[in-house]
Amino acid sequence: MGVIKHATASVFLFGRVDGGWRLGLIRHPRFGRWMLPGGHVEPGENPAEAALREVREEAGLAATLLAPHAGSLPGYPAAARVPVPVWITEQDVPPERRLASAHVHVDHLYLAVAGSASPTTDPELPFRWYAREELSGLEMFPDTRGGAELLFPLIEELAGPAGQPASAGTSKL
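Numbering (the numbering used here), first residue to last: 507 to 679.
(1) How is the beta strand (DSSP E) around residue 598 delimited, first residue to last?
(2) Could you check whether the stretch 598-612 touches the stretch 643-653, counting it as contact only if at least three pairs of C-beta atoms, one from each stretch, sit closer than 8 Å?
(3) Under three-state DSSP, which class holds residue 510?
(4) Which class does residue 565 belong to by DSSP, given the choice of helix, strand or coil?
(5) Alpha carbon to alpha carbon, what distance is there between residue 626 and residue 509?
(6) Grouping DSSP H, G and I as helix and E and B as strand, with all else coil, what is residue 649?
(7) Quick one: what's got a C-beta closer than 7 Å to residue 624's C-beta in the same chain, skipping five residues either side?
(8) Looking at the strands, I want to know which residues DSSP matches up with residue 532.
(9) Leaving out five residues before and five after residue 639 in sequence, what residues of the same chain have Cβ atoms less than 6 Å from its Cβ?
(10) Taking residue 527 as the reference, give the member of 636, 591, 643, 632 with the closest Cα.
(11) Keeping to the same chain, check which residues put their C-beta closer than 6 Å to that of residue 630; ignore five residues upstream and five downstream.
(12) Between residue 561 and residue 543, is the Cβ-Cβ spacing less than 7 Å?
(13) Is residue 628 near residue 566, with beta carbons less than 7 Å apart?
(14) May I ask you to report which of helix, strand or coil DSSP gives residue 526?
(15) Decide if residue 607 is buried, meaning its Cβ has at least 16 other Cβ atoms within 10 Å, or exposed.
(16) Need the endpoints of the alpha helix (DSSP H) that residue 664 sits in, please.
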């Protein structure tokens, strides 16, 4: 039997806080680290829907995904396009509550802008905004830190100066 793989979605969630861009992170109780909001894709949802749901649940915020723009696929009969992630990675995961054996998370990593800096619902986990210069002192996974370092210099252009997504087709991703 092959390796069991679960679809997951995580979000590099940026917001305008005190006049500057900040990255929103949750404190994960199991790992004891600051992490991106995210989790498993549930039955009946795609990874983009899971990403937005996880932001609502874990951070108490509404967000807009900023997806790389590849244009429309000519002649393809799709009624609606699903936002694409910035990255897709596979991560080995030790046994957990969902599965008692080691498995792989196929993580769809999205970039998003929060609709406000203050949670609109009670977050499930401790949540905080961090400036780029604050990341070096945080307990976080190296891939999260690396992704944040790549995205911080781009967020102003990708989201626009007012913190709203740039128009389609202008993405640097």
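Virtual Cβ for every residue (Gly too), placed ideally from N, Cα, C. Treat the numbers as computed from the prediction; the structure is a model and nothing was measured.
With the given structure in hand:
(1) Position 92 of the sequence shown, counted from the start, is the residue given in the question as residue 598. Run containing residue 598: 593-599, per the beta strand (DSSP E) assignment.
(2) no
(3) Translated into the one-based positions of the sequence shown, residue 510 becomes position 4. Residue 510 falls in the coil class under three-state DSSP.
(4) Here residue 565 refers to the residue found at position 59 when the sequence shown is read from its first residue. If DSSP states are grouped into helix, strand and coil, residue 565 belongs with the helices.
(5) Start at 1 with the first residue of the sequence shown, and residue 509 comes out as number 3. Start at 1 with the first residue of the sequence shown, and residue 626 comes out as number 120. Using only the alpha carbons, I get a separation of about 39 Å.
(6) Residue 649 sits at position 143 when you count from the first residue of the sequence shown. It is helical.
(7) Here residue 624 is taken as the residue at index 118 of the sequence shown, counted from 1. Excluding residues within five positions, none has a Cβ falling inside 7 Å.
(8) One-based indexing of the sequence shown puts residue 532 at position 26. DSSP lists 541, 633 as partners of residue 532.
(9) Counting from 1 along the sequence shown, the entry for residue 639 is found at position 133. Closer than 6 Å at the Cβ level, and outside the excluded window around residue 639, lies no residue.
(10) Here residue 527 is taken as the residue at index 21 of the sequence shown, counted from 1. Residue 636 is the option with its Cα nearest to residue 527.
(11) If you number the sequence shown from 1, residue 630 lands on position 124. Correct list, in chain order: 563, 564.
(12) Position 55 of the sequence shown, counted from the start, is the residue given in the question as residue 561. Position 37 of the sequence shown, counted from the start, is the residue given in the question as residue 543. Their beta carbons are under 7 Å apart, which means residue 561 touches residue 543 by this criterion.
(13) Indexing the sequence shown from 1 puts residue 628 at position 122. Indexing the sequence shown from 1 puts residue 566 at position 60. Taking 7 Å as the Cβ cut-off, residue 628 and residue 566 qualify as a contacting pair.
(14) Sequence index remark: in the sequence shown, residue 526 carries index 20 (1-based). In the structure shown, residue 526 sits in a strand (DSSP, three-state: E or B).
(15) Mapped onto the sequence shown, residue 607 falls at position 101. Exposed, because fewer than 16 other Cβ atoms sit within 10 Å of the Cβ of residue 607.
(16) Reading the sequence shown from its first residue, position 158 is the one you call residue 664. Start and end: 661-665.
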